[in-house]
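Engineer: Have a look at the structure that comes next, please.
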Amino acid sequence: MRFTPKVDSNMALLLYNSGKAYLLHWAQTEDRDALEKAIIVTRQSVECTPEGDDGLANRLRSLGACAFAMFKHTDRMEDLDNGIDAFRRAAQLVPNNHPTQSNSSALLRNALLVRFQAQGNLQDIDSVLSASREAAAAGAGENDHDAWALYHLGSQLDFKYVNTGDVDCLHEAIQVCSQALDLPGEDHVICAKILALRGQCLRELFEHTGDISELERAITDCKQAAEIMPEDHHALPGILQRLAFSSQEQYQLSGEIKYLEEAIKIAHRSLSLASIYGHEMSKFLSTLGGILLRRYSATLRLRDLDDAIKALRKSLENESQMPKVVTATNLDILASCLGTRYRRSGDQRDLQGAEHASRQAVEIAPASHAGLPAILSNLGRYLMELFQATREPNYLEESMQTFTCALDRVRSPLHAQLCLGVMAGCRRIMYMITHNDEHLEAAIEICRKSIAALPTETDILADCQDELALLLHCQNSDDQDEALGLSLQAWNSLRASPFGRIRAANRAVTIYIEQSNLEKAYALATAAIDVLPLVHNQSLTLQDQQEVVQVFSGLATYAFSLALRTKRSPIEALDLLERGRGVILRLLMNDRSDLFKRRNTQLGLSAEVEIPLYEMHSPTVSLCSGNAANYHFDSQRAQGGSEAPTEDIHFSPTVDSSEKRVTEEEVKEGAARGRVIIVNITSVGSDALVISSTGLKVIHLQGLDPDEARDWIKKDMTATSVNRGANNKAYLRFLSWLWRVCVKPIFDELQYKVHDSPDDMPRVWWVGTGLASSFPFHAAGNHLTERNESANSRVLSSYTPSLRALLYTRNREPLSDQATQCPKLLTVSMATTPGADDLDGVLAEIVAVTDTIGNYVHAECLSQPDADTVKRRLADCHIAHFACHGVSEPRDPSQSGLLLQTIGDSPEQNRLTVGSLYEIDCSQGQIAYLSACSTAENRSKWLVDEVLHVVSGFQVAGFRNVIGCLWPADDTVCAEIAKPFYSELCRGGKMEYNDGTVSLALHKAVLQISRSSQYRKRPLHWAQYVHFGA
1 MRFTPKVDSN MALLLYNSGK AYLLHWAQTE DRDALEKAII VTRQSVECTP EGDDGLANRL
61 RSLGACAFAM FKHTDRMEDL DNGIDAFRRA AQLVPNNHPT QSNSSALLRN ALLVRFQAQG
121 NLQDIDSVLS ASREAAAAGA GENDHDAWAL YHLGSQLDFK YVNTGDVDCL HEAIQVCSQA
181 LDLPGEDHVI CAKILALRGQ CLRELFEHTG DISELERAIT DCKQAAEIMP EDHHALPGIL
241 QRLAFSSQEQ YQLSGEIKYL EEAIKIAHRS LSLASIYGHE MSKFLSTLGG ILLRRYSATL
301 RLRDLDDAIK ALRKSLENES QMPKVVTATN LDILASCLGT RYRRSGDQRD LQGAEHASRQ
361 AVEIAPASHA GLPAILSNLG RYLMELFQAT REPNYLEESM QTFTCALDRV RSPLHAQLCL
421 GVMAGCRRIM YMITHNDEHL EAAIEICRKS IAALPTETDI LADCQDELAL LLHCQNSDDQ
481 DEALGLSLQA WNSLRASPFG RIRAANRAVT IYIEQSNLEK AYALATAAID VLPLVHNQSL
541 TLQDQQEVVQ VFSGLATYAF SLALRTKRSP IEALDLLERG RGVILRLLMN DRSDLFKRRN
601 TQLGLSAEVE IPLYEMHSPT VSLCSGNAAN YHFDSQRAQG GSEAPTEDIH FSPTVDSSEK
661 RVTEEEVKEG AARGRVIIVN ITSVGSDALV ISSTGLKVIH LQGLDPDEAR DWIKKDMTAT
721 SVNRGANNKA YLRFLSWLWR VCVKPIFDEL QYKVHDSPDD MPRVWWVGTG LASSFPFHAA
781 GNHLTERNES ANSRVLSSYT PSLRALLYTR NREPLSDQAT QCPKLLTVSM ATTPGADDLD
841 GVLAEIVAVT DTIGNYVHAE CLSQPDADTV KRRLADCHIA HFACHGVSEP RDPSQSGLLL
901 QTIGDSPEQN RLTVGSLYEI DCSQGQIAYL SACSTAENRS KWLVDEVLHV VSGFQVAGFR
961 NVIGCLWPAD DTVCAEIAKP FYSELCRGGK MEYNDGTVSL ALHKAVLQIS RSSQYRKRPL
1021 HWAQYVHFGA
């Protein structure tokens, strides 16, 4: 094809058709050689075409299309420049009134926009806008044509704003759209597109002005656009996408979760239609991902976060074919999702993924992109978190540089607020690491600037105000009024997330307590507890429930202390404790009880029931309904360092909850077999609430100093076997202290005396809450000097997570007469465990158990089993004895469990987890003896009051009595405890395990060991054994 072209109309037409054929072949095969031939041949056809020939414009347009396709394939700017030159020549050749004029101009404008995105040359975008303004003016008087011309002009003005931050373009775009909507005409398609465009521009303008009315107008426009757009039109997915954004924004304005649910439904629908119509899917996937991330923030439902990450990763699969702004935005949202998941899981792979995606977003985003400052500030945050995790100084240095770069590029007040807010949080991290007050003071100053940047109330402002309150509280100054005012403002904010509001309420309660304003602290704590049923329900997974409940950590125990200090009735204090702690167990036990009840009336009940979000155990109102607006603070009040408000702390939405308050009947039933003693220790004070058959009694423990209790906890004497001798001595001192300041004063008040025989001792159920949640009340005493000055010389001790948990255990189905005559025993032994130390005493322990009770039971012994096998066998047994390793997981207590192994020639470690126990029906279970480490221990700092451990897992599954350990057990002692325990159960010539005999048997077994010469001075070998149950 190498020849010197000469002007020849016929040759030009022949070459033009040949070029079209090559271009079609490339479109079908993506054969680059075909595209190169198309360019060569089409250029020759242009050169052969005589001046004035009617076909020249068509051939130039075809040449431009070939060059533009090559640019999309190679990213070579030379190809794009050649395409623009060809499109420009074609547009100049076509008369203004010619039918192809609009097409020629549109091709040129599109190519110029692409070059502007690639190079940021304002001359390109200004050329596009100039041509569009001329086109709009030329079409005046032709209603439909004029509306379309104005729509394109408005779209290009918005495009310039997005890429440059020029707010004047937004104002002009809104004006142009309004002008187009004022034109007469009945074309619903163009009207819908213009409404949606104006809605988008109004939403973007809101980011600059903070004017809520602009956001409300944006929502109205998007709704109207969706209503009038024909159902079968290919533009409907884009309209629905903008409507999904609007529904999400309605949630921001109202706080009502229903708008997020609606937004997600609309986003799914737009995604489905976009696929049908063959649209590029990335923007629809990213919209869905962003809204799912928003719902995760409102519910802490991990599935939403995982689904958001999947959607965003899928949106980036065709990254090379997407506009750079879209790619950068999608990467930024993906990074936000990964960073959020890292903060929940602690998995550094997510943090590294967030940093990687964020770096990509910064590299891809055009330098003129209006959203670049926000992307940069997010990268700065991930770098700071990497520094926090690794202490690598390079991350710190780069983080500070990135924040500086972000602030230098800020154009909108909203982005300034966002960047400054993230910077303040990172400075707080620096303060937490270094304890250098300069970082704290810098964080406070930055946070104040963030709030001043855009005082209009948004969720970002609420976060900044909450951050400032936290920083001010960290100062530990005498004047905490401003921190209190900001915390109360966040608590009452319509914009803050539900969990941000609870954190703010928790902080405000703490400040009220520090100021000795106990009445207001009590009012706020109870109001916050009333919110718990709104956000915690059965539709959440167990892990999600843990994440929700830990936000409320400490509120119930504070409320209990405050109720007693402010002269509320003991039953009111008890009710707050029952409603605000142990809530995960309570929900599980309630559901299990309901299932058992329905079993008798609904045969064939499906084990798998789809439970929609917020449908079961969920109130019908949102956090912001009712009188929330009446308690809303004036936003300007807190910005000048507001004084502590005297009102507006009693936000308490009307909740249509099925949750019942504690009744007098429950109190009497709980204490029918012995007293229940609740010991609660908080910074407010230390108290015991005694539940007896005659009522409730409060005992203020004046000698129990919360600071002393905290000091004992910090010693962490039970966690390790290193330096066991010194730890045993220290633990003896701790048990003596616990007897002197806590247990003995209670016993003296209740007139519990020393008994010669355990058979004559009264029963007591202990509930430790607050700082006392892990205290071994049963082992308190002066064991070396005064044997009778101890708990085990006066009462039979058991434990229960809560009053209602005790009632649940007692209401389990009784055994049939046949089962009582020959109960089924299941033993599970793990002498060796993959990845763990061998347990040399396991086989001896199992032999001791089977030799002792083998004649009274039908025994099944599982050695080295897997978890699935154990779960199947548990459902059919009455007594289960485990001799194996146990583990307590501090980050996720639901993953605590008993260590087993997988099936196969090379077995791996397998775990019978707390979460899996909740799925088993062990309604026949009478005794679960867990001879394993830490089965009654919850090591989670933020979930101490949830009592989530292996023992409570067996209780939920259905076992009436569970024996466990508060800390790691000694393998050599396990058999020495187990043998006398079972011997006591069989001392009458038959196996007896009514509720009293189980606790008595454990009491005698432990007492025998604790008073032996070998173990008398070694409480860490015997004091961990506890009985939970009926």
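Residue numbers (the numbering used here): 1 to 1030.
Don't be surprised by glycine CBs; every beta carbon is placed ideally from N, CA and C.
Which value, in whole angstroms, describes the spacing of the CA atoms of S658 and D575?
Structural biologist: Looking up residue 658 in the sequence shown gives position 658. Looking up residue 575 in the sequence shown gives position 575. In this prediction, S658 scores a pLDDT of 46, lower than 50, which makes its location untrustworthy; the coordinate-derived value is nonetheless stated afterwards. Whole-angstrom Cα-Cα distance: 15 Å.
Engineer: Anyone know if the C-beta pair for V422 and I502 falls short of 8 Å?
Structural biologist: Along the sequence shown, read from residue 1 onward, the residue named residue 422 stands at position 422. Along the sequence shown, read from residue 1 onward, the residue named residue 502 stands at position 502. No, they are not a contact pair.
Engineer: Evaluate H949 with the Cβ neighbour count: other Cβ atoms within 10 Å of its Cβ, from every protein chain shown; 16 or more gives buried, anything less gives exposed.
Structural biologist: Taking the first residue of the sequence shown as 1, we reach residue 949 at position 949. Under this definition H949 is a buried residue.
Engineer: Just to check my reading of the structure: L420 and I446 have Cβ atoms closer than 8 Å, yes? What is that Cβ distance to the nearest angstrom?
Structural biologist: Walking along the sequence shown from the start, residue 420 turns up at place 420. Walking along the sequence shown from the start, residue 446 turns up at place 446. Rounded, the Cβ-Cβ distance is 5 Å, consistent with contact.
Engineer: In terms of alpha-carbon separation, which member of L542, A559, T510 and E908 lies closest to A527?
Structural biologist: Position 527 of the sequence shown, counting from 1, holds the residue named residue 527. Answer by Cα proximity: A559.
Engineer: When the distance is taken between beta carbons, is I879 closer than 8 Å to Q909?
Structural biologist: Along the sequence shown, one-based indexing puts residue 909 at 909. Along the sequence shown, one-based indexing puts residue 879 at 879. No, Cβ-Cβ distance for Q909 and I879 is not below 8 Å.
Engineer: Within its chain, find whatever has a CB closer than 8 Å to the CB of Q179; leave out the 5 residues flanking it on each side and keep chain order.
Structural biologist: Translated into positions along the sequence shown, residue 179 becomes position 179. Within the same chain, Q179 has close Cβ partners L150.
Engineer: Just to check my reading of the structure: R675 and I691 have Cβ atoms closer than 8 Å, yes? What is that Cβ distance to the nearest angstrom?
Structural biologist: Counting from 1 along the sequence shown, the entry for residue 675 is found at position 675. Counting from 1 along the sequence shown, the entry for residue 691 is found at position 691. About 6 Å; that satisfies the 8 Å criterion.
Engineer: Entirely within the stretch 109-153 and at least 3 residues each: give me those beta strand (DSSP E) ranges in chain order.
Structural biologist: List check, beta strand (DSSP E) in window: nothing returned.
Engineer: Starting from the C-beta of Q117, find all residues in its chain whose C-beta is less than 8 Å away, skip the five residues before and the five after it, and write them out in chain order.
Structural biologist: Translated into positions along the sequence shown, residue 117 becomes position 117. Here the set comprises N163, P323, K324, V325 and P366.
Engineer: State the Cα-Cα distance for the pair T785 and L900, rounded to the nearest angstrom.
Structural biologist: One-based indexing of the sequence shown puts residue 785 at position 785. One-based indexing of the sequence shown puts residue 900 at position 900. In a straight line, the C-alpha of T785 is about 42 Å away from that of L900.
Engineer: Look at the alpha carbon of S931 and the alpha carbon of I846, and state the distance between them as a whole number of angstroms.
Structural biologist: Numbered from 1 along the sequence shown, position 931 holds the residue referred to as residue 931. Numbered from 1 along the sequence shown, position 846 holds the residue referred to as residue 846. Rounded to the nearest angstrom, the two C-alpha atoms are 10 Å apart.
Engineer: Helix, strand or coil for T997? Go by DSSP, reduced to three states.
Structural biologist: In the sequence shown, counting from the first residue as 1, residue 997 sits at position 997. In the structure shown, T997 sits in a helix (DSSP, three-state: H, G or I).
Engineer: So is Q1024 buried or exposed if we call it buried at 16+ other beta carbons inside 10 Å?
Structural biologist: As a first step, residue 1024 is located in the sequence shown; it is residue number 1024 there, counting from the start. Buried, since its Cβ has 16 or more Cβ neighbours within 10 Å.
Engineer: On a CA-only basis, which of R411, S999 and A975 is nearest L985? Give me that one, please.
Structural biologist: Taking the sequence shown and counting its residues from 1, one reaches residue 985 at position 985. When each option's Cα is compared against that of L985, the closest is S999.
Engineer: What residues are listed by DSSP as bridge partners for C965?
Structural biologist: Within the sequence shown, residue 965 is the residue found at index 965, counting from 1. Beta-bridge pairing links C965 to Y1025.
Engineer: Can L80 and R109 be called in contact, C-beta distance under 8 Å?
Structural biologist: Start at 1 with the first residue of the sequence shown, and residue 80 comes out as number 80. Start at 1 with the first residue of the sequence shown, and residue 109 comes out as number 109. For L80 and R109, no; Cβs fall outside 8 Å.
Engineer: In this structure, does DSSP put R675 in helix, strand or coil?
Structural biologist: The residue you call residue 675 lines up with position 675 of the sequence shown. Three-state DSSP puts R675 in a strand.
Engineer: Are there three or more Cβ pairs, one per stretch, closer than 8 Å when the stretch 768-782 is compared with the stretch 699-715?
Structural biologist: The answer is yes - the stretch 699-715 touches the stretch 768-782, with three or more Cβ pairs under 8 Å.
Engineer: Tell me the residue span of the alpha helix (DSSP H) that contains D687.
Structural biologist: What you label residue 687 is simply residue 687 of the sequence shown in a count that begins at 1. No alpha helix (DSSP H) contains D687, which is instead part of the beta strand (DSSP E) from G685 to S692.
Engineer: Throw me the rounded Cβ distance for the A235 and V189 pair, which I believe falls under 8 Å.
Structural biologist: As a position in the sequence shown, residue 235 is number 235, starting the count at 1. As a position in the sequence shown, residue 189 is number 189, starting the count at 1. That pair is a contact at about 7 Å.
Engineer: Leaving out five residues before and five after E643 in sequence, what residues of the same chain have Cβ atoms less than 7 Å from its Cβ?
Structural biologist: Working through the sequence shown from its first residue, we reach residue 643 at position 643. Low local confidence applies: a pLDDT of 37 at E643 is under 50, so the model's placement there is unreliable, and no value is given.
Engineer: Specify the secondary structure class of S798 as computed by DSSP and reduced to three states.
Structural biologist: For the purposes of this step, residue 798 is identified with residue 798 of the sequence shown, where counting begins at 1. S798: strand per DSSP, three-state reduction.
Engineer: Out of T935, R891 and I920, which one is the CA nearest neighbour of F1066?
Structural biologist: This structure cannot speak to residue 1066, because the chain is shown only from 1 to 1030.
Engineer: Taking DSSP as the reference, what is the three-state secondary structure of H233?
Structural biologist: Taking the first residue of the sequence shown as 1, we reach residue 233 at position 233. Reduced to three states, the DSSP call for H233 is coil.
Engineer: Alpha carbon to alpha carbon, how far is L288 from K310? Give it in angstroms, no decimals.
Structural biologist: Position 310 of the sequence shown, counted from the start, is the residue given in the question as residue 310. Position 288 of the sequence shown, counted from the start, is the residue given in the question as residue 288. So the two alpha carbons sit approximately 10 Å from each other.
Engineer: Excluding five sequence neighbours on each side, which residues of the same chain lie with their C-beta closer than 6 Å to the C-beta of L292?
Structural biologist: As a first step, residue 292 must be located in the sequence shown, where it is residue number 292. Counting only Cβ-Cβ distances below 6 Å, and skipping sequence neighbours, we find D304, D307 and A308.
Engineer: If we count the other Cβ atoms within 10 Å of its Cβ and call it buried at 16 or more, is D463 buried or exposed?
Structural biologist: Numbered from 1 along the sequence shown, position 463 holds the residue referred to as residue 463. Under this definition D463 is a buried residue.
Engineer: Mapping DSSP to helix, strand and coil, what is F499?
Structural biologist: Taking the first residue of the sequence shown as position 1, residue 499 is located at position 499. Note: F499 maps to helix in three-state DSSP.
Engineer: By alpha-carbon positions, which one of C861, V583 and S254 ends up nearest to V944?
Structural biologist: Taking the first residue of the sequence shown as position 1, residue 944 is located at position 944. Nearest option by C-alpha distance: V583.
Engineer: Taking only the alpha-carbon atoms, compute the straight-line gap between P393 and F387 and give it to the nearest angstrom.
Structural biologist: Working through the sequence shown from its first residue, we reach residue 393 at position 393. Working through the sequence shown from its first residue, we reach residue 387 at position 387. Going from the Cα of P393 to the Cα of F387 covers about 7 Å.
Engineer: Cβ atoms of L170 and L129: under 8 Å apart, would you say?
Structural biologist: For the purposes of this step, residue 129 is taken as residue 129 along the sequence shown, with counting starting at 1. For the purposes of this step, residue 170 is taken as residue 170 along the sequence shown, with counting starting at 1. Against a cut-off of 8 Å, the Cβ pair of L170 and L129 comes out as no contact.
Engineer: Would H778 pass as a contact of L735 if the rule is Cβ separation under 8 Å?
Structural biologist: Within the sequence shown, the letter at position 778 stands for residue 778. Within the sequence shown, the letter at position 735 stands for residue 735. Cβ distance not < 8 Å, so H778 and L735 don't count as in contact.
Engineer: If you scan the stretch 49-109 from start to end, which runs of the beta strand (DSSP E) of 3 or more residues do you find wholly inside it?
Structural biologist: List check, beta strand (DSSP E) in window: nothing returned.
Engineer: Please classify C742 as buried or exposed, where buried requires at least 16 neighbouring CB atoms within 10 angstroms.
Structural biologist: Indexing the sequence shown from 1 puts residue 742 at position 742. It counts as buried.
Engineer: N318 by DSSP, collapsed to three states: which one?
Structural biologist: For the purposes of this step, residue 318 is taken as residue 318 along the sequence shown, with counting starting at 1. Residue state, collapsed to three classes: coil.
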